[in-house]
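Okay, structure first, notes after.
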Amino acid sequence: MATLKEVKTKITAVKKTKQITKAMNMVATSKLRGAQQKMDAFRPYALKFADVLGSLAEKAGEEASPLLIPREEVKKIHVILCTSDRGLCGGFNSHLVSKAEKFAKEKSEQSIEVVFTNFGKKGRNWCRKNGFLILDEHLGIVGAKFGFNIATIVGQRAVDGFLDEEYDEVYIIYSEFISMGRQIPAIKQILPIQPVESSEKKAEDKETPYLAEHICEPSTDELLGDMLPKNICVQLYSALLETSTSEHAARMTAMDNATKACNDIVDSLTLAYNKARQASITADLMDIVGGAEALKG
Amino acid sequence: MAGNIRLEVVTPEASVVSEDAQIVVGPGTLGEFGILIGHTPFLTTLKLGTLRYKDANGVEKFVFISAGFAEALPDKVTILAESAERRRDIDMERVKQALKRAQERLASKKPDVDYERARAALQRALYRIRLAETRS
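Protein sequence lines correspond, in order, to chains V and A. Just so you know, we're using our numbering here: the first sequence kicks off at 930 and counts up by one. Just so you know, we're using our numbering here: the second sequence kicks off at 93 and counts up by one.
Here's what the structure looks like:
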């Protein structure tokens, strides 16, 4: 049996760990709130944007923008991988990375070259380790405060690269925030732009065809040509927001579990400590009683 | 006046304006446009500039807009802008810093400077300053 002192040190150590996990849990909770607020603030913009874009896309022909045309032969694809900078958030990053790994493997088997743009240190480290070409990396974005401009910069670069035929398809891997307890890694093709189905359906639901008699200035095609690249930025921004929110939610859950585990360990250690203490007291008593008996003789 | 039209200015980060206006005048890429209630459905791109509107009490207000879109419906105008600020919310300290940064970047002869972006930043800063300094 461990000595009293050993057990005591261990208890103190676990309690300290618990303090840390608890603090991290609380930090994650408050950051999560901030991230969710940002998501809420972004929603009206995104909805309106999708609305207008959807109805415009219906009116314009397929040739409106080169961003709509799929390439006949796909040789190289560009993946934007969003992960967090820091660990201690359960399986969050490993889920994302394994998704990316599976995807990259699939594509490599079709002899398609895969290049990456990374948000977050974890994804970048994985790319480095596996020898993927990294076009660009952005640290300190996911999980922190960031503005729309970062999405604009990266989005514009992706669009430029696509138009210069540096790569033939662009995907984004991010974590979809479903609920506090559920965040699943998702993959989305952002270039070439796929026909907007959801908004078409929405438009059908409405009694009057939305935007039917809009005057467009400049022409519909030009407007669409202007809006489509921006749509990439909007999608990117929303993916970044979701990943950030997911990261905090994942960390919160992970830290909550860790705190609980600490409690369990402290309980069982305290039990061991008390038992050891009891045993030593009993042993001491036995000695004294034994000694007294011997003196009585 | 027949009535007021609803004006919404939204950016990805926040909803900047949401109120009733008597008239809205915005900087379209093909020229300035004014919108009153009952306007024909209308969609246009916006360039860097100032959105003016008269609120329900007839007070004229100004909002800085960097490029975006405007959609007008008979009873509602929605402005989607990448960034927008009411005139009174313009932070002069920040703008001046941004201006200085942009000027330095343009003046430096380093090859990795993105001139296009720096010039756009410079323009935005200048426009904000001009707007903040015109008091009506």
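Glycine included, each C-beta is placed from N, C-alpha and C at the ideal position. These numbers were taken from a predicted model, which means no experiment stands behind them.
According to DSSP, which residues form a beta bridge with Gln-1112 (chain V)? Answer is V:Phe-1106.
Which residues of chain A have a Cβ atom closer than 9 Å to the Cβ of Cys-1145 (chain V), listed in chain order? In chain order: Phe-134, Leu-135, Thr-136.
Does the Cβ-Cβ distance between Arg-178 (chain A) and Val-155 (chain A) come in under 7 Å? Yes, the pair counts as a contact, with Cβ atoms nearer than the cut-off.
Looking at the unbroken alpha helix (DSSP H) that takes in Val-116 (chain A), where does it start and where does it end? Taken as a continuous stretch (DSSP letters only), Val-116 (chain A) belongs to no alpha helix (DSSP H), being part of the beta strand (DSSP E) at 107-120.
Cα-Cα separation between Ala-1132 (chain V) and Leu-165 (chain A), rounded to whole angstroms: Per-residue confidence for Ala-1132 (chain V) stands at a pLDDT of 45, beneath the threshold of 50, marking its modelled position as unreliable; the derived number appears in the next sentence. Roughly 16 Å between the two C-alpha positions.
CA nearest to the CA of Gly-1076 (chain V), picked from V:Ala-1208, V:Lys-939, V:Phe-971, V:Asp-1213: The residue from V:Ala-1208, V:Lys-939, V:Phe-971, V:Asp-1213 with its alpha-carbon nearest to that of Gly-1076 (chain V) is V:Phe-971.
Mind listing which residues of the region 104-131 of chain A have their C-beta closer than 9 Å to chain V's C-betas, in chain order? Cβ contacts with chain V: Pro-104, Glu-105, Ala-106, Ser-107, Gly-120, Thr-121, Leu-122, Gly-123, Phe-125.
Between Pro-995 (chain V) and Gly-1090 (chain V), what straight-line distance do the alpha-carbon atoms span, to the nearest angstrom? Looking at the backbone, the Cα of Pro-995 (chain V) and that of Gly-1090 (chain V) are separated by about 13 Å.
Starting from Lys-934 (chain V) and walking both ways along the alpha helix (DSSP H), at which residues does that stretch end? Residues 933-988.
In terms of alpha-carbon separation, which member of A:Gly-120, A:Phe-134, A:Ser-158, A:Thr-170 lies closest to Asp-112 (chain A)? Asp-112 (chain A) has its Cα closest to that of A:Thr-170, out of A:Gly-120, A:Phe-134, A:Ser-158, A:Thr-170.
Ignore the nearest five residues each way along the sequence and tell me which others in Tyr-1166 (chain V)'s own chain have a CB closer than 6 Å to its CB. Counting only Cβ-Cβ distances below 6 Å, and skipping sequence neighbours, we find Phe-1077, Ala-1080.
Answer yes or no: does any C-beta atom of chain V fall closer than 7 Å to that of Val-102 (chain A)? Contacts with chain V at 7 Å (Cβ-Cβ) include Val-102 (chain A).
Assuming His-1067 (chain V) is part of the beta strand (DSSP E), what are its boundary residues? Run containing His-1067 (chain V): 1062-1067, per the beta strand (DSSP E) assignment.
What residues from chain A crowd round Val-943 (chain V), counting only those whose CB sits closer than 9 Å? Neighbours of Val-943 (chain V) on chain A: none; closest Cβ ~42 Å, over 9 Å.
Under 9 Å by beta carbon: chain A residues contacting Thr-1081 (chain V): Taking a Cβ-Cβ cut-off of 9 Å, the neighbours of Thr-1081 (chain V) in chain A comprise Glu-174, given in sequence order.
Terminal residues of the beta strand (DSSP E) in which Cys-1018 (chain V) lies: Neither: Cys-1018 (chain V) is in no beta strand (DSSP E) and is coded neither H nor E.
How about Tyr-219 (chain A): is its C-beta nearer than 7 Å to some C-beta of chain V? No, Tyr-219 (chain A) does not count as interfacial toward chain V.
Own chain residues within Cβ distance below 8 Å of Ile-1006 (chain V), not counting five before or after: Take Ile-1006 (chain V), set aside five residues on each side of it, and the residues of its chain with a beta-carbon closer than 8 Å to its own are Lys-1036, Ile-1041, Glu-1042, Val-1043, Val-1044, Tyr-1096, Asp-1097, Glu-1098, Val-1099, Tyr-1100, in chain order.
Note down, in chain order, each residue of its chain lying with its Cβ closer than 8 Å to the Cβ of Ile-1194 (chain V), except the 5 sequence neighbours on either side. For Ile-1194 (chain V), where only same-chain residues beyond five positions count, the Cβ hits under 8 Å are Val-943.
Ala-1179 (chain V) touches chain A at which residues, Cβ-Cβ below 9 Å? Result: empty, since nearest Cβ-Cβ is about 24 Å, beyond 9 Å.
Residues of its chain near Val-108 (chain A), where Cβ-Cβ distance is below 6 Å and the 5 sequence neighbours each way are ignored: If we look at Val-108 (chain A) and ignore the five residues flanking it on each side, its Cβ neighbours are Val-101, Ala-176.
DSSP state of Tyr-1096 (chain V) mapped onto helix, strand, coil: Under the three-state reduction of DSSP, Tyr-1096 (chain V) is assigned to coil, being neither helix nor strand.
Taking C-alpha atoms, which residue in V:Gly-1072, V:Pro-1158, V:Tyr-1202 lies nearest to Ala-979 (chain V)? The residue among V:Gly-1072, V:Pro-1158, V:Tyr-1202 with its C-alpha nearest the C-alpha of Ala-979 (chain V) is V:Pro-1158.
Please confirm if Glu-185 (chain A) has its CB atom under 7 Å from at least one CB of chain V. The beta-carbon of Glu-185 (chain A) is placed no less than 7 Å from the nearest beta-carbon of chain V.
Taking 8 Å as the threshold, find out whether the region 1176-1190 of chain V comes into contact with the region 1013-1025 of chain V through three or more Cβ pairs. Yes, the region 1176-1190 of chain V touches the region 1013-1025 of chain V.
Distance, Cα to Cα, Met-953 (chain V) vs Phe-1106 (chain V)? Approximately 20 Å, taken between the alpha carbons.
Closer than 9 Å, Cβ to any Cβ of chain A: which residues of the region 957-982 of chain V, in chain order? Hits within the stretch, in order: Lys-967, Ala-970, Phe-971, Pro-973, Tyr-974, Ala-975, Lys-977, Phe-978, Asp-980, Val-981.
Alpha carbon to alpha carbon, how far is Ser-158 (chain A) from Ala-217 (chain A)? Rounded to the nearest whole angstrom, the CA to CA distance from Ser-158 (chain A) to Ala-217 (chain A) is 10 Å.
Contact list for Phe-1227 (chain V) against chain A, beta-carbon separation under 9 Å: Residue 1227 (chain V) lies beyond the range of chain V shown here (930 to 1226); nothing can be said about it.
Grouping DSSP H, G and I as helix and E and B as strand, with all else coil, what is His-1007 (chain V)? DSSP places His-1007 (chain V) in strand when its eight states are reduced to three.
With DSSP collapsed to three states, give me the class of Gly-1219 (chain V). If DSSP states are grouped into helix, strand and coil, Gly-1219 (chain V) belongs with the helices.
Once you ignore the five residues that flank Arg-144 (chain A) on each side, which residues in its own chain have a CB closer than 6 Å to its CB? If we look at Arg-144 (chain A) and ignore the five residues flanking it on each side, its Cβ neighbours are Val-117, Phe-154.
Taking only beta-carbon atoms, is Glu-163 (chain A) less than 7 Å away from chain V? Against chain V, the CB of Glu-163 (chain A) has a partner CB under 7 Å away; the residue lies at that interface.
Using alpha carbons as the reference points, say which of A:Leu-140, A:His-131, A:Leu-135, A:Thr-121 lies closest to Leu-223 (chain A). That would be A:Leu-140, whose Cα lies nearest to the Cα of Leu-223 (chain A).
Please report whether the beta-carbon of Asp-1089 (chain V) lies at a distance below 7 Å from any beta-carbon of chain A. Not one chain A Cβ lies under 7 Å of Asp-1089 (chain V).
Since Asp-1155 (chain V) meets chain A, which of its residues come closer than 7 Å, beta carbon to beta carbon? Correct list: Thr-137.
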